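First residue of the sequence shown: 143, per the working numbering; consecutive thereafter. Ideal Cβ positions, reconstructed from N, Cα and C, are used throughout, including at glycine. All figures in this text were calculated on a predicted structure; none of them were measured in a lab. Below is one structure, written out as structure tokens, with a few remarks after it.
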Amino acid sequence: MNGGPSIRSRLETIALTGGAILALVVLYQWDPAVSGMYPSCPFQALTGWYCPGCGTLRAIHHLLHGRIFTAMGFNALAILTLPFMGYALVSEAARGLIGRGLPGIFIPAAFIWAYLALVLVFGILRNIPYGPLSWLAP
């Protein structure tokens with residue numbers, strides 16, 4: 143008989159959720175652009191180019207402050223991806239606490255490949271210092 147998630151699973155989920163909330167509180171409080179307490183992007187440090195994730199911490203900081211358009215300016219792709227990531231994380235937290243997640247969403251393989259291609263193209267385009275494309279850089 144399955145009685146739901148174990149105590150250990152529930153405690154792990156509570157600890158991970160608490161850690162995520164704490165990280166969001168820290169990110170809300172201290173701006174990554176000025177605080178100096180966050181690590182820099184290793185890809186950018188090695189190559190001098192922006193990776194597809196560059197600007198995400200700054201974008202989430204501004205999003206937490208309600209500045210959606212400013213957040214989009216730092217990393218539009220990350221901001222547009224957040225609702226899907228949020229749904230997946232809440233579903234996993236529910237699975238860890240009550241034994242079942244949110245209703246599953248079927249994502250065709252073609253969509254996943256298209257999204258990965260979009261991430262690659264986004265990473266390339268944001269490094270081209272040409273007028274219309276320069277807004278993609280953080």
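{"Query": "Arginine 200: CB within 7 angstroms of a non-hydrogen atom of the ligand MN", "Result": "Ligands in the displayed structure: none, and consequently the ligand MN is not present."}
{"Query": "Where isoleucine 202 falls: helix, strand or coil (DSSP)", "Result": "helix"}
{"Query": "Enclosing alpha helix (DSSP H) for serine 276 [first to last residue]", "Result": "Run containing serine 276: none; DSSP gives neither H nor E here."}
{"Query": "Touch test, the stretch 200-207 against the stretch 162-171, Cβ-Cβ under 8 angstroms, three pairs minimum", "Result": "yes"}
{"Query": "Where the alpha helix (DSSP H) through valine 167 begins and ends", "Result": "149-171"}
{"Query": "Glycine 178 versus threonine 198: straight-line alpha-carbon distance, rounded", "Result": "15 angstroms"}
{"Query": "Reduced DSSP secondary structure (H/G/I, E/B, other) of valine 176", "Result": "coil"}
{"Query": "Proximal residues to histidine 207 (C-beta, below 8 angstroms), its chain only, five neighbours per side dropped", "Result": "Tyr170"}
{"Query": "Delimiting residues of the alpha helix (DSSP H) encompassing tyrosine 229", "Result": "210-240"}
{"Query": "Same chain, Cβ closer than 6 angstroms to leucine 219, five either side skipped, listed in chain order", "Result": "Phe264"}
{"Query": "Closest Cα partner of proline 184 within the set Pro174, Cys196 and Ala175", "Result": "Cys196"}
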